[in-house]
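Novice:
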Amino acid sequence: MLEKIQDLPAHVFGVRASGEVSGEDLKKVLHPGLQKLAASFGEIYYLLVLNTSVQNFDSSAWLQDMLAGIKHFNKWKKMAIVTDEENVRTFTDMASYIMPGIAKGFSHAEVGAAVAWLSTKDSEKRPIGKTSLDKIALVALITIITIKLIKRAVKSARR
């Protein structure tokens, strides 16, 4: 399930994930929120608080996540992912190397720091320069591989 996080600065959109997360959840909550933010501000500052494992996202949710990322590809400015899964935080930190914005992973104990970081519209530099079509293709490929790996992990866990 996804729910919109209230009481964030106007230029920040945030969602909290808990339990099982489906593609329909993303269509109903994430997509409209990102669309409204992009239309209002021309850029996206995004907070995702994971109160569930990424293994609880079904394949449709991963597809919808990828579509949202691609649709607004050049609008991402800052993305904070809050989770206690260290591998997810590491993956989030590495995303800055292939996406146009800056992505940072935070633990649940650091949720206040994540909101403070997103609240500041500053000129923090990305780890690399301009985003090219090659990088967009790389992001799509990584997303597809990630979806396949997660599907495998979920199947193995259910056996």
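So for the sequence shown, our numbering puts the first residue at 1100; every next one is plus one. Using N, Cα and C, we set each Cβ at its ideal position, and we do this for glycine too.
(1) Considering Ala-1116, what are the terminal residues of the beta strand (DSSP E) in which it resides?
(2) Tell me the rounded alpha-carbon separation between Ala-1167 and Thr-1219.
(3) Taking DSSP as the reference, what is the three-state secondary structure of Leu-1107?
(4) Tell me the rounded alpha-carbon separation between Leu-1217 and Lys-1135.
(5) Apply the 10 Å Cβ neighbour rule to Ala-1116 and answer buried if 16 or more other Cβ atoms are within range, or exposed otherwise.
(6) Whole-angstrom Cβ separation of Lys-1177 and Gly-1200, contact assumed at under 8 Å?
(7) Please work out which residues of its chain come closer than 8 Å, Cβ to Cβ, to Glu-1123, disregarding the five sequence neighbours upstream and downstream, and give them in chain order.
(8) For Lys-1203, does the count of other Cβ atoms within 10 angstroms reach 16, so buried, or fall short, so exposed?
Specialist: Concretely, from the data shown:
(1) Start and end: 1111-1116.
(2) When rounded, the distance between both Cα atoms is 23 Å.
(3) DSSP, reduced to helix, strand and coil, places Leu-1107 outside both helices and strands of the structure shown, so it counts as coil.
(4) Distance between the alpha carbons of Leu-1217 and Lys-1135 is about 17 Å.
(5) Taking all protein chains in view, the Cβ of Ala-1116 is crowded by 16 or more other Cβ atoms within 10 Å, so the residue is classified as buried.
(6) Contact flag correct, Cβ pair sits at about 6 Å.
(7) Contacts found: Ser-1159.
(8) That one is buried.
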